[in-house]
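Working notes for the structure below.
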Amino acid sequence: MNPAQKPLDNPTATASLPRETYVRRLLERYRQTPGTLGRIRWEDRTLAAELHRRGVPLERVEAAFNLAAARRIFREADAMPLQPIRSLHYFLPVLEEIQTANIDPGYLAYVEHKLRAHLATCSDDRR
Numbered sequence: 022m023n024p025a026q027k028p029l030d031n032p033t034a035t036a037s038l039p040r041e042t043y044v045r046r047l048l049e050r051y052r053q054t055p056g057t058l059g060r061i062r063w064e065d066r067t068l069a070a071e072l073h074r075r076g077v078p079l080e081r082v083e084a085a086f087n088l089a090a091a092r093r094i095f096r097e098a099d100a101m102p103l104q105p106i107r108s109l110h111y112f113l114p115v116l117e118e119i120q121t122a123n124i125d126p127g128y129l130a131y132v133e134h135k136l137r138a139h140l141a142t143c144s145d146d147r148r
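Under the numbering used here, the residues of the sequence shown are numbered 22 to 148, in order.
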């Protein structure tokens, strides 16, 4: 069962955010995630609304974006290039992993920090 089909995760976690705000923020963050095409499809909007309905905290979805992006970026240098991420659905297995594996929040913060540092270095190199 994927995260979008699970029973309500924590309805109060997203209750403070109106659905439109949650969906807009989630999709904007998705567009900015390294490795994505940066385009939003109607299926992505539908999934974002479903994640809101299920009460999946926006912070947890963002952690899934960070973890998946880091895994793609920090892999073997001689590995075959990966195709761009074309759908928000790509992140569902990582979201499932975060929800079920009780990944330490400290580790997720470390991944986010490492990813931000890498992206800052990449943007500095382009100047």
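Backbone N, C-alpha and C define an ideal beta-carbon position, used for all residues, glycine too.
None of these values were measured; they are calculated from a predicted model.
Backbone CA spacing between residue i and residue j [nearest angstrom]
| i | j | result |
| --- | --- | --- |
| Pro24 | Ile119 | Model confidence at Pro24 stands at a pLDDT of 47, short of 50, so the residue's coordinates are unreliable and nothing is read from them. |
| Lys135 | Gln104 | 22 Å |
| Glu83 | Asp65 | 15 Å |
| Thr42 | Ala70 | 10 Å |
| Pro102 | Arg52 | 20 Å |
| Arg75 | Asp99 | 40 Å |
| Gly56 | Arg137 | 14 Å |
| Leu38 | Tyr131 | 26 Å |
Sub-8 Å separation of residue i and residue j beta-carbons
| i | j | result |
| --- | --- | --- |
| Ile94 | His139 | yes |
| Val44 | Ala85 | no |
| Leu109 | Leu79 | no |
| Arg40 | His73 | yes |
Best match in the options for proximity to residue i [C-alpha to C-alpha]
| i | options | result |
| --- | --- | --- |
| Arg62 | Cys143, Tyr111, Thr121 | Tyr111 |
| message | For the structure I just gave you, are there three or more beta carbon pairs, one from the region 90 to 100 and one from the region 119 to 127, closer than 8 Å? | response | no
| request: Let me know the alpha helix (DSSP H) ranges lying completely inside the region 72 to 124, each 4 residues or longer, listed in chain order. | output: 79 to 94, 113 to 122
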